[in-house]
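Chemist: Take a look at this one; I'll ask things after.
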Amino acid sequence: MTDNIVEIDNLSFGYKGRLLHKGINMSFPRGKIVAIMGGSGSGKTTILRLIGGQLKPVKGEVRVGDKVVHEQGRNDLQKLRRKMGMLFQMGALFTDLSVYENVAFPMREHTSLPETMIRDLVMMKLNAVGLRGARDLMATELSGGMARRVALARAVALDPEIIMYDEPFAGLDPISMGVICNLIRNLNDALGATSLVVTHDVKEAFSFVDYVYFVADGVVAAEGTPAELRESTLPFVHQFVHGEVDGPVPFHYAAPDYRRDMLRGRDV
Amino acid sequence: MDRTKIDLWVGIFAAIGVAALLGLAMKVGNLTTSNIGETYTVTAGFQNIGGLKPRSPVKSAGVVVGRIDAIQFDSATYEARVTLKLDKRYLFPKDTFANIYTAGLLGEQYIGLEPGGDEDYLQENDKIMQTQDAVVLEKMISQFLYSKATETKE
Amino acid sequence: MSSKAVSKLASALQNFGHRLIDQFWRLGSASRLFGYTLASSGESLRRPFLVIREIYFTGVLSLIIILVSAFFVGMVLALQGYNTLQKYGSSEAIGVLVALSLVRELGPVVTALLFAGRAGTAITAEIGLMKATEQLSAMEMMAVSPIARVIAPRFWGGVISMPLLASLFSMVGILGGYLVAVPLIGVDGGAFWSQMQASVDFREDVMNGFIKSCVFGVACTMIALFEGYDAPPTAEGVSRATTRTVVNSSLAVLGLDFVMTSFMIS
Numbered sequence: 001m002t003d004n005i006v007e008i009d010n011l012s013f014g015y016k017g018r019l020l021h022k023g024i025n026m027s028f029p030r031g032k033i034v035a036i037m038g039g040s041g042s043g044k045t046t047i048l049r050l051i052g053g054q055l056k057p058v059k060g061e062v063r064v065g066d067k068v069v070h071e072q073g074r075n076d077l078q079k080l081r082r083k084m085g086m087l088f089q090m091g092a093l094f095t096d097l098s099v100y101e102n103v104a105f106p107m108r109e110h111t112s113l114p115e116t117m118i119r120d121l122v123m124m125k126l127n128a129v130g131l132r133g134a135r136d137l138m139a140t141e142l143s144g145g146m147a148r149r150v151a152l153a154r155a156v157a158l159d160p161e162i163i164m165y166d167e168p169f170a171g172l173d174p175i176s177m178g179v180i181c182n183l184i185r186n187l188n189d190a191l192g193a194t195s196l197v198v199t200h201d202v203k204e205a206f207s208f209v210d211y212v213y214f215v216a217d218g219v220v221a222a223e224g225t226p227a228e229l230r231e232s233t234l235p236f237v238h239q240f241v242h243g244e245v246d247g248p249v250p251f252h253y254a255a256p257d258y259r260r261d262m263l264r265g266r267d268v
Numbered sequence: 001m002d003r004t005k006i007d008l009w010v011g012i013f014a015a016i017g018v019a020a021l022l023g024l025a026m027k028v029g030n031l032t033t034s035n036i037g038e039t040y041t042v043t044a045g046f047q048n049i050g051g052l053k054p055r056s057p058v059k060s061a062g063v064v065v066g067r068i069d070a071i072q073f074d075s076a077t078y079e080a081r082v083t084l085k086l087d088k089r090y091l092f093p094k095d096t097f098a099n100i101y102t103a104g105l106l107g108e109q110y111i112g113l114e115p116g117g118d119e120d121y122l123q124e125n126d127k128i129m130q131t132q133d134a135v136v137l138e139k140m141i142s143q144f145l146y147s148k149a150t151e152t153k154e
Numbered sequence: 001m002s003s004k005a006v007s008k009l010a011s012a013l014q015n016f017g018h019r020l021i022d023q024f025w026r027l028g029s030a031s032r033l034f035g036y037t038l039a040s041s042g043e044s045l046r047r048p049f050l051v052i053r054e055i056y057f058t059g060v061l062s063l064i065i066i067l068v069s070a071f072f073v074g075m076v077l078a079l080q081g082y083n084t085l086q087k088y089g090s091s092e093a094i095g096v097l098v099a100l101s102l103v104r105e106l107g108p109v110v111t112a113l114l115f116a117g118r119a120g121t122a123i124t125a126e127i128g129l130m131k132a133t134e135q136l137s138a139m140e141m142m143a144v145s146p147i148a149r150v151i152a153p154r155f156w157g158g159v160i161s162m163p164l165l166a167s168l169f170s171m172v173g174i175l176g177g178y179l180v181a182v183p184l185i186g187v188d189g190g191a192f193w194s195q196m197q198a199s200v201d202f203r204e205d206v207m208n209g210f211i212k213s214c215v216f217g218v219a220c221t222m223i224a225l226f227e228g229y230d231a232p233p234t235a236e237g238v239s240r241a242t243t244r245t246v247v248n249s250s251l252a253v254l255g256l257d258f259v260m261t262s263f264m265i266s
């Protein structure tokens, strides 16, 4: 068990009394790529924020290394966060900075490297995502896929041990999706990092991850390698993996009986 | 926008901003004219000060020689006690006359000092004994009317 | 009274209470943000370029609107003042009138109102968008405090810009007044300046105006920052926050102006 870099233990979290997570257990082994999957609104992104210490759990705990995240003081939390890189859903590039400055940002904030060395490092990171040529563009001039890649270069700027991806495929064309898949795999292996991918794109995710957690109704509904899950007979997993319209997750939002609803219109 | 350009613009902005503040101080305000260095304090009692205010000028022969520091009501003598701050460079005899004048017909009021002939000078915290009150327009008019009325009776 | 009316009244009362509590809550969190901003100011002032950049965005970019408005305000003051003063035969006092109204009141107040409209809204929209696009979250995850990196430099940029802008406003307004009074109307130029100098006091008028503009700088910038930081991360939330910045800043400026004036006059 010591080789799990992140462990989530009986985690509960919610807003204003309504629990979003009801006792989640997950573990993320060092060097692997693990996907967290689930429908929209199932609190997948929230798990990443709990790991990053931006939110505090109601019950249970998240451990990174051997440290409990929500018990860390301000300075220790900052130290912990420097081991993490996070790719936000829409990239979250700083719109007032150029591509180059965006990638250089974490280096300037956390190191006192000379400008020449920062330049070399930025070029290496941008080269890794194939956007060395775009260094002088402003963040606002990039397409969605490019922005995502720059954000990825920024997330790995300080060679983190844990890289978290929040919906890295959302709103991308198939080519960009493929590019991102490759990048996640390659960066993970090149840096010797551990990657956490939050997504609902089954096809893309299953093609490159090592392990998958399914989250539904606030608990881990299923887990396993992609191959195991494809064969799973659990109704929910089956519905999700094969993208069926109706199943345990109903097509209809909870509503009164259709016939009664229609008939009532006449009384009005 | 690159860094040196921003620096330049902010530099220009700061320079003209500070220049404007200095302009307000020097050209618009009276920082230069009211620059009274060392002062000494004397007081004077008036029956009526009219529209005199703290910081009104004290002039002698038309030259500003000091400013009014404070105006209080003295309940022992039922007078207004005016504290004047005079420039240390200017000395006045002990029997100096303090009058309240009005600049023009409707202008601000100030204290005019008319030096007497005494050999001794006013010292710190001395009191000017001879004063003349502000001219109150209503009083003057009513006096004028009264005298007119008595004239016609005769 | 029918039970329907009672329940209507009750819900109205409840609504009012909710809003009141909400306002207190917002005031509290604004104060907390203010405290954090001051606490992390040292960190951002150690990197002066961050602040200089914000002075550029709030100060330099507001220059045009400030200078042009000041010029017109000064000219209008001179025209209006001349009309009235001339009836009493003291048109030379026009310099006093223009200078005192600008230095004491119009300079700081109008500058602050224009600042809220020009720079305040820009700050709110920028911070709101940074929040909506998760830039602030991203910064936090990079172990960089958004308050030290984003909020505090903007705060100091605004606080430094405001008094400079207000001084410029007063000075340019007086020049505008001079142009109307002296070359256009024909008031004696010497009398214009000398009467002004005789009645505008450095400490009472110029310094008090300066202090006012510093206070307005703190209030306007902090309101703009808070509204942006507090905005719901949606397009609608950001646009509402921008409106609130203008409304709240204007109210704060006029209210504070009354309070400060009454202190300064007594």
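Chains as they are written, first to last, in the working numbering: chain A, 1 to 268; chain B, 1 to 154; chain C, 1 to 266. Backbone N, C-alpha and C fix where the C-beta goes; we use that ideal spot for every residue, glycine too.
With 16 as the cutoff for other CB atoms within 10 Å, does A/P250 come out buried or exposed?
Modeler: Start at 1 with the first residue of the first sequence, and residue 250 of chain A comes out as number 250. By the neighbour-count rule (16 or more Cβ atoms within 10 Å), A/P250 is not buried but exposed.
Chemist: Tell me the DSSP secondary structure of C/Q197 in three-state form.
Modeler: For the purposes of this step, residue 197 of chain C is identified with residue 197 of the third sequence, where counting begins at 1. It is helical.
Chemist: Run down chain B in chain order and give the residues with a C-beta less than 8 Å from the C-beta of C/E289.
Modeler: Since the first residue of chain C shown is 1 and the last is 266, residue 289 of chain C is not available in this structure.
Chemist: Tell me whether the beta-carbon of A/R185 lies closer than 8 Å to the beta-carbon of A/I24.
Modeler: For this step, residue 185 of chain A is matched to residue 185 along the first sequence. For this step, residue 24 of chain A is matched to residue 24 along the first sequence. No, they are not a contact pair.
Chemist: For chain A, check one thing: does any of its Cβ atoms lie closer than 8 Å to the Cβ of C/V144?
Modeler: The residue given as residue 144 of chain C occupies position 144 in the third sequence. Interface residue, yes.
Chemist: What residue does the beta strand (DSSP E) around B/P57 start on, and which one ends it?
Modeler: Locating residue 57 of chain B in the second sequence gives position 57, counting from the first residue. From DSSP, the beta strand (DSSP E) with B/P57 extends over 57 to 60.
Chemist: Is it right to say B/G117 is buried, meaning 16 or more other beta carbons lie within 10 angstroms of its own, or is it exposed?
Modeler: Start at 1 with the first residue of the second sequence, and residue 117 of chain B comes out as number 117. Exposed, by the Cβ-count rule.
Chemist: Verify whether the separation of the beta carbon atoms of C/F71 and C/G209 is less than 8 Å.
Modeler: Here residue 71 of chain C corresponds to residue number 71 of the third sequence, with the count starting at 1. Here residue 209 of chain C corresponds to residue number 209 of the third sequence, with the count starting at 1. No. Outside cutoff.
Chemist: Where does the unbroken alpha helix (DSSP H) through C/L168 begin, and where does it stop?
Modeler: Position 168 of the third sequence, counted from the start, is the residue given in the question as residue 168 of chain C. Where C/L168 is concerned, the enclosing alpha helix (DSSP H) stretches over 152 to 179.
Chemist: Cβ of B/F46 less than 8 Å from any chain C Cβ?
Modeler: Your numbering for residue 46 of chain B matches position 46 in the second sequence. Chain C contact via Cβ: absent.
Chemist: Any contact of the segment 194 to 211 of chain A with the segment 145 to 157 of chain A, i.e. 3+ C-beta pairs under 8 Å?
Modeler: With the cut-off at 8 Å, the segment 194 to 211 of chain A and the segment 145 to 157 of chain A do not touch.
Chemist: Just to confirm, are B/G17 and B/Q109 a CB contact at a threshold of 8 Å?
Modeler: Your numbering for residue 17 of chain B matches position 17 in the second sequence. Your numbering for residue 109 of chain B matches position 109 in the second sequence. Contact: no.
Chemist: Helix, strand or coil for A/E231 per DSSP?
Modeler: Mapped onto the first sequence, residue 231 of chain A falls at position 231. A/E231: coil per DSSP, three-state reduction.
Chemist: Given a threshold of 16 other Cβ atoms within 10 Å of its Cβ, counted over all protein chains shown, does A/Y253 qualify as buried or as exposed?
Modeler: Locating residue 253 of chain A in the first sequence gives position 253, where the first residue counts as 1. Result: exposed.
Chemist: Let me check understanding here. Comparing Cα to Cα, which of A/L126, A/I180, A/V241 lies closest to A/G144?
Modeler: Here the question's residue 144 of chain A lines up with position 144 in the first sequence. Nearest C-alpha to A/G144: A/I180.
Chemist: From the DSSP secondary-structure annotation, give me the bridge partner or partners of B/Y78.
Modeler: Mapped onto the second sequence, residue 78 of chain B falls at position 78. DSSP, once it has assigned bridges, lists no residue as partnering B/Y78.
Chemist: Write down the C-beta distance between C/Y182 and C/G189 rounded to the nearest angstrom, noting that I regard them as a contact closer than 8 Å.
Modeler: What you label residue 182 of chain C is simply residue 182 of the third sequence in a count that begins at 1. What you label residue 189 of chain C is simply residue 189 of the third sequence in a count that begins at 1. Inspection of the sequence shows that residue 182 of chain C is occupied by Val rather than by Tyr. Right, the Cβ-Cβ distance comes to about 5 Å (below 8 Å), so this counts as a contact.
Chemist: Report the neighbours of A/F88 on chain C: residues whose CB is nearer than 9 Å to its CB, in chain order.
Modeler: Here residue 88 of chain A refers to the residue found at position 88 of the first sequence. Correct list: T133, E134, Q135, S137, A138, M141.
Chemist: With 8 Å as the threshold, decide whether the Cβ of C/G99 is near any Cβ in chain B.
Modeler: By 1-based counting over the third sequence, the position of residue 99 of chain C is 99. Residue identity check: residue 99 of chain C is Ala in the sequence provided, not Gly. Answer yes: the Cβ-Cβ gap between C/A99 and chain B drops below 8 Å somewhere.
Chemist: C/G287 to B/T131, Cα distance in whole Å?
Modeler: Beyond the ends of chain C as shown, which are 1 and 266, falls residue 287 of chain C; an answer cannot be given.
Chemist: Within a Cβ cutoff of 8 Å, which residues of the same chain sit near C/T121, ignoring the five residues on either side of it in sequence?
Modeler: In the third sequence, the residue the question calls residue 121 of chain C occupies position 121. Same-chain partners within the cutoff: A224, T242, T245, V246.
Chemist: Quick one: which chain C residues come within Cβ less than 7 Å of A/G52?
Modeler: As a first step, residue 52 of chain A must be located in the first sequence, where it is residue number 52. By Cβ distance, chain C contributes M141.
Chemist: Whose CA, out of B/I68, B/L24, B/K27, B/K59, lies closest to the CA of B/V42?
Modeler: Taking the first residue of the second sequence as position 1, residue 42 of chain B is located at position 42. It is B/I68.
Chemist: Where DSSP assigns a beta bridge to A/F13, which residues make up the other side?
Modeler: Locating residue 13 of chain A in the first sequence gives position 13, counting from the first residue. Answer is A/H21.
Chemist: So, A/I36 versus A/V156, is the Cβ gap smaller than 8 Å?
Modeler: Taking the first sequence and counting its residues from 1, the one referred to as residue 36 of chain A is at position 36. Taking the first sequence and counting its residues from 1, the one referred to as residue 156 of chain A is at position 156. Contact: no.
Chemist: Which residue's Cα is closest to the Cα of B/T83: B/A44, B/R3, B/F144, B/E151?
Modeler: Here residue 83 of chain B refers to the residue found at position 83 of the second sequence. Ranking the options by Cα distance to B/T83, first place goes to B/A44.
Chemist: Reducing DSSP to helix, strand and coil, say where A/Y253 ends up.
Modeler: Counted from its first residue, the first sequence places residue 253 of chain A at position 253. Coil at A/Y253, not helix or strand.
Chemist: Which stretch, first to last residue, makes up the alpha helix (DSSP H) that contains A/N102?
Modeler: Against the first sequence, residue 102 of chain A aligns to sequence position 102. Looking at the DSSP string, the run of the alpha helix (DSSP H) that includes A/N102 is 99 to 110.
Chemist: Do A/K332 and A/G38 have their CB atoms nearer than 8 Å?
Modeler: Summary: the structure shown does not reach residue 332 of chain A, with chain A confined to residues 1 through 268, and so no result is reported for it.
Chemist: For the candidate residues A/G224, A/D3, A/V237, whose alpha-carbon lies nearest to that of A/G29?
Modeler: Numbered from its first residue, the first sequence carries residue 29 of chain A at position 29. According to the sequence displayed, residue 29 of chain A carries Pro and not Gly. The shortest Cα separation from A/P29 among A/G224, A/D3, A/V237 belongs to A/D3.
Chemist: In chain order, what residues of the segment 128 to 152 of chain A put their CB closer than 7 Å to some CB of chain C?
Modeler: From the segment 128 to 152 of chain A, no residue has a Cβ closer than 7 Å to chain C.
Chemist: Could you tell me whether the Cβ atoms of A/L131 and A/I163 are closer together than 8 Å?
Modeler: Taking the first residue of the first sequence as 1, we reach residue 131 of chain A at position 131. Taking the first residue of the first sequence as 1, we reach residue 163 of chain A at position 163. Not a contact, by the Cβ cut-off of 8 Å.
Chemist: Beta carbon of C/F202, beta carbon of B/G112: below 8 Å?
Modeler: The sequence position of residue 202 of chain C within the third sequence is 202, counting from 1. The sequence position of residue 112 of chain B within the second sequence is 112, counting from 1. Taking 8 Å as the Cβ cut-off, C/F202 and B/G112 do not qualify as a contacting pair.
Chemist: My output table needs one value for C/L20: the three-state DSSP class, helix, strand or coil.
Modeler: Numbered from its first residue, the third sequence carries residue 20 of chain C at position 20. Reduced to three states, the DSSP call for C/L20 is helix.
Chemist: Which of helix, strand or coil does DSSP assign to A/G73?
Modeler: One-based indexing of the first sequence puts residue 73 of chain A at position 73. Reduced to three states, the DSSP call for A/G73 is coil.
Chemist: Which value, in whole angstroms, describes the spacing of the CA atoms of C/W193 and B/D7?
Modeler: Numbered from 1 along the third sequence, position 193 holds the residue referred to as residue 193 of chain C. Numbered from 1 along the second sequence, position 7 holds the residue referred to as residue 7 of chain B. Rounded to the nearest angstrom, the two C-alpha atoms are 35 Å apart.
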